[in-house]
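Take a look at the structure set out below.
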Amino acid sequence: MLKDRSIEEAGQRVLSRGLAQVTQQGLLPAEVARGKRATHYHLFAAIPLAAMQQVAGNSEQVAPLSRLTRTLLLDLRDGTGGPIAKVAGPQLPSESLPGLPLLANYLSNDPELRNAYQAIIAKQSDHFFFLGGSVKRFESALEKSRQRLRAREAG
């Protein structure tokens with residue numbers, strides 16, 4: 323997608339380094355250390371990782387993002403007893419979760435998890451300042467870019 327291969331390679335290194343931090347339990351140890359704000363910091367870290375993986379990632383990177391997404395949703399569903407709260411303590415409420423739709427690609431087929439996601443997302447805005455605005459517009463632009471890339475590769 324980028325014409326400058328060095329920038330793409332630098333992005334891949336950042337993405338790989340970030341995903342390498344996700345534990346088997348779906349936690350980010352540096353974010354757990356943030357105590358009552360750990361869930362917020364997990365979400366803030368997960369969104370750009372998901373965006374980067376969707377733009378230029380590979381299928382091997384899906385597993386850590388799926389673990390991270392599961393952990394986040396279990397905590398967001400009930401901020402007092404999810405995996406993050408169990409290790410970091412009770413979490414502050416999360417009233418605004420911008421960017422959460424970017425994690426939808428990493429949901430498992432677990433109906434309980436999908437139901438939790440749907441309940442959480444129904445209350446959210448699609449605006450995410452750090453991606454420059456609307457998450458839906460970002461996803462639409464991403465899909466158009468993928469289509470152009472596939473067309474170039476095919477012809």
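Whatever position you read off the sequence shown (first residue = 1), add 322 for our numbering. By construction, the Cβ of each residue, glycine as well, lies at the ideal position given by its N, Cα and C atoms. Being a predicted model, the structure only gives us computed values, none of them experimental.
- Unbroken alpha helix (DSSP H) runs of no fewer than 4 residues, entirely contained in the segment 324-412, are found at 327-342, 351-354, 360-378, 384-399 and 405-410, following chain order.
- Inclusion of residue 410 and residue 354 in the CB contact set at 7 Å is warranted, their separation being smaller than that value.
- Comparing alpha-carbon positions, the option among 374, 358 and 387 lying closest to residue 329 turns out to be 374.
- A direct Cα-Cα distance of roughly 16 Å separates residue 362 from residue 340.
- A distance below 7 Å between beta-carbons, with the five flanking residues on each side excluded, links residue 416 to the following residues of its chain, in chain order: 361, 362, 398 and 401.
- In this structure residue 379 touches residue 337 by the C-beta definition: roughly 6 Å separates them, less than 8 Å.
- Judged by pairs of C-beta atoms under 8 Å, the segment 380-398 touches the segment 425-445, as three or more such pairs exist.
- Rounded to whole angstroms, residue 356 and residue 444 show a C-alpha spacing of 27 Å.
- Inclusion of residue 439 and residue 396 in the CB contact set at 7 Å is not warranted, their separation being larger than that value.
- With respect to residue 367, residue 350 sits close: the two C-beta atoms are nearer than 7 Å.
- In the three-state reduction of the DSSP assignment, residue 444 falls in the coil class.
- The beta carbon of residue 347 is closer than 8 Å to those of 389, 393 and 405 in its chain, skipping five residues each way along the sequence.
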